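Participant: Residue numbers 73 to 278, in my numbering, belong to the letters of the sequence shown in order. Think of the CB as a built atom: it goes at the ideal place given N, C-alpha and C, for glycine as much as any other residue. Keep in mind it's a predicted model, so treat the numbers as computed, not measured.
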Amino acid sequence: MDSPEGERRELILRTATRLFAALGYDVTSTAQIAEAAGLDPAEVAAHFPAKRELYIEVMRRARDLLAAVIKERADELLAAPPERRSEALRHFIDAYLDGCVAHPEIPALWMHRWLSDASDVVDLEIKSAQPLTQHVVNAMAELAEPAGADALHTTYTVIWCIHGFVLSGVLDGTGVRRGADDPDQLARFRAHLHRLLARGLRFPDA
Numbered sequence: 073m074d075s076p077e078g079e080r081r082e083l084i085l086r087t088a089t090r091l092f093a094a095l096g097y098d099v100t101s102t103a104q105i106a107e108a109a110g111l112d113p114a115e116v117a118a119h120f121p122a123k124r125e126l127y128i129e130v131m132r133r134a135r136d137l138l139a140a141v142i143k144e145r146a147d148e149l150l151a152a153p154p155e156r157r158s159e160a161l162r163h164f165i166d167a168y169l170d171g172c173v174a175h176p177e178i179p180a181l182w183m184h185r186w187l188s189d190a191s192d193v194v195d196l197e198i199k200s201a202q203p204l205t206q207h208v209v210n211a212m213a214e215l216a217e218p219a220g221a222d223a224l225h226t227t228y229t230v231i232w233c234i235h236g237f238v239l240s241g242v243l244d245g246t247g248v249r250r251g252a253d254d255p256d257q258l259a260r261f262r263a264h265l266h267r268l269l270a271r272g273l274r275f276p277d278a
């Protein structure tokens, strides 16, 4: 990565990530990416001949970044004995939330995709998101099944809530939108999500 070529490739990826997260894949052109990166379009094409290739790499890196944040906590959730499941769940929620707060481009990229952005890239979920998501669902099943809860939808409740809060926040009662950059609202949301999941999974300390 210390070579000029490696630095240019990294610059292209960072710039593409920012634009895909802000505008979506469909309306972002390689010319826009080149201009935003201060590069000639030919330099972008030399590293990524097609926009599709660039997008797939951006999404792979986003997935790997998220996996590095939450996989360990999902493993902890899977291995936790009954008396530590509530604590392990809080650790998982906190890891996912903190990862998305630190890297809001991740929920932004997926939110665009949920709205049918890059719909021509048809195998991205199977190759990228599904293995990690299924790992979390399997871990959540250890908590959900004794409570008669749905592990898949419990997992997605965490995902939907965190992505929505990080991207849009809440109206605070005065018409001002406050989100993850507001420490008080972030703390309130974190505590709310802890309680929501603990009650849904019927933990004794809920």
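(1) May I have the straight-line CA-CA distance separating residue 288 from residue 111, to the nearest angstrom?
(2) Would you mind giving the Cβ-Cβ distance between residue 241 and residue 257, rounded to the nearest angstrom? I have them listed as a contact below 8 Å.
(3) Which residues bound the alpha helix (DSSP H) around residue 143?
(4) How many angstroms separate the CA atom of residue 228 from the CA atom of residue 167?
(5) When we look at the beta-carbon of residue 225 and count the other beta-carbons within 10 Å, is it buried (16 or more) or exposed?
(6) What did DSSP end up calling residue 243 once you bin it into helix, strand or coil?
(7) Take residue 132 as the anchor and find which of 181, 99 and 100 has the nearest alpha-carbon.
(8) Which of the three DSSP states, helix, strand or coil, is assigned to residue 249?
(9) Tell whether a beta-carbon distance below 9 Å holds between residue 128 and residue 171.
(10) What number of angstroms, rounded off, separates the C-alpha of residue 173 from the C-alpha of residue 179?
(11) Leaving out the 5 sequence neighbours to the left and right, which residues in its chain are closer than 8 Å to residue 217 when beta-carbon positions are compared?
(12) Would you call the region 179–199 in contact with the region 231–245, where contact means no fewer than 3 C-beta pairs closer than 8 Å?
(13) Can you tell me where the alpha helix (DSSP H) with residue 158 in it begins and where it stops?
Facilitator: Here's the rundown:
(1) The displayed coordinates of the chain run from 73 to 278. Any statement about residue 288 would go beyond what the structure contains.
(2) 7 Å
(3) 123–151
(4) 15 Å
(5) exposed
(6) strand
(7) 181
(8) strand
(9) no
(10) 9 Å
(11) 223
(12) yes
(13) 157–174
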